[in-house]
């Protein structure tokens, strides 16, 4: 929509003005040797000099656990109380990475593919995404291989690129972003077209995602799944840190005559995920579950919701306790004859 050029001091003042309005601002914060999203009230708390947060930002729209409804029984009568979507606060995610912002498109596709999930949609609608382009990367990053990039603006309401002269380029991308900037940013100059690529990390393209999709079309019975999954523990760490994984379970938390229906994260990598009450499991081995993970992200989701279920953030590779690197496997699939 428009580009602005502001000083670093104006950027900090913008942040402080939002804090004064008691807005719910979450940003990356250093915690020991990790960086994760926490609610912040000072610009000094915001992490610097890091590649990526340990956890993705998906929990702000799709929490790890959430009550769908509560109930109270009284004899033969029962009262249901649905979760109050009006109690969900407006939330600003400050300094998320472009791969996290891009992850909300696949999530929204999943939660609106057939049934429109009003809890997810309410949270998503009340979020403003302010991404910061990436000035550094590591060996696990592969955003450029899945049509993303360190300066990708998809999903962001505002994107900020920090410049070496103690200033920043602010790209205002949506009406929501424009409203926020108009209210809080007072000192700026309109920006000419700036070649921001020179300020971004250089993330090499490691494979062709369209080629991967083509190869997967005939790979359902390939021995590659067993070969690739031999190290997999089925721990689910990859799914829990992923910005696009959306598997969930629904459980009842009951006590006496009252209780809650709770949705919680799950993973298609767990052995119990597809276990039937009959005892039959259509995905009885880790290789079949690994196959499902790859096919779902790179074949089924593009077909059903026109979104790839991966943004190349690299978290799954960083989190895996047995160093099972998805990037290596995707390169192998792409080059497989």
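In full-length UniProt numbering, the protein residues as written are 1 to 337. Think of the CB as a built atom: it goes at the ideal place given N, C-alpha and C, for glycine as much as any other residue. If you're wondering where the values come from, they're calculated on a predicted model, not measured in any experiment.
Contact between residue 154 and residue 119 fails: their C-beta atoms lie close to 24 Å from each other, not under 8 Å. The three-state reading of DSSP puts residue 282 in coil, since its state is none of H, G, I, E or B.
The alpha-carbon separation between residue 308 and residue 297 amounts to approximately 6 Å. Per DSSP, residue 98 is one residue of the alpha helix (DSSP H) stretching across 98 to 102. Assignment of alpha helix (DSSP H) within the region 255 to 300, counting only whole runs of 4 or more residues, yields 286 to 295 in chain order.
Straight-line spacing of the CA atoms in residue 147 and residue 101 works out to 14 Å. Here residue 129 is bridged, per DSSP, to 93. Cα atoms of residue 95 and residue 299: separation of roughly 31 Å, rounded to the nearest angstrom. The DSSP assignment places complete beta strand (DSSP E) segments of no fewer than 3 residues inside the region 161 to 227 at 167 to 172, in order along the chain.
Per DSSP, reduced to three states, the secondary structure at residue 12 is helical. In this structure, the CA atom of residue 88 is about 10 Å from the CA atom of residue 127. In terms of CA proximity to residue 211, 336 leads the group 17, 336, 22.
DSSP places residue 71 inside the beta strand (DSSP E), whose first and last residues are 65 to 74. Beta-bridge annotation (DSSP): residue 251 is paired with 262.
DSSP, reduced to helix, strand and coil, places residue 330 within a helical segment of the structure shown. Nearest neighbour of residue 215 by Cα position, chosen from 199, 187, 330, turns out to be 330.
In the structure shown, the three-state DSSP call for residue 107 is helix.
Of all C-beta pairs linking the region 274 to 290 to the region 190 to 210, fewer than three are shorter than 8 Å, placing the two stretches out of contact. For residue 323 and residue 74, the gap between their C-alpha atoms comes out near 53 Å.
In this structure, DSSP gives residue 26 an extended state, which the three-state scheme calls strand.
Boundaries of the beta strand (DSSP E) around residue 35: 34 to 39.
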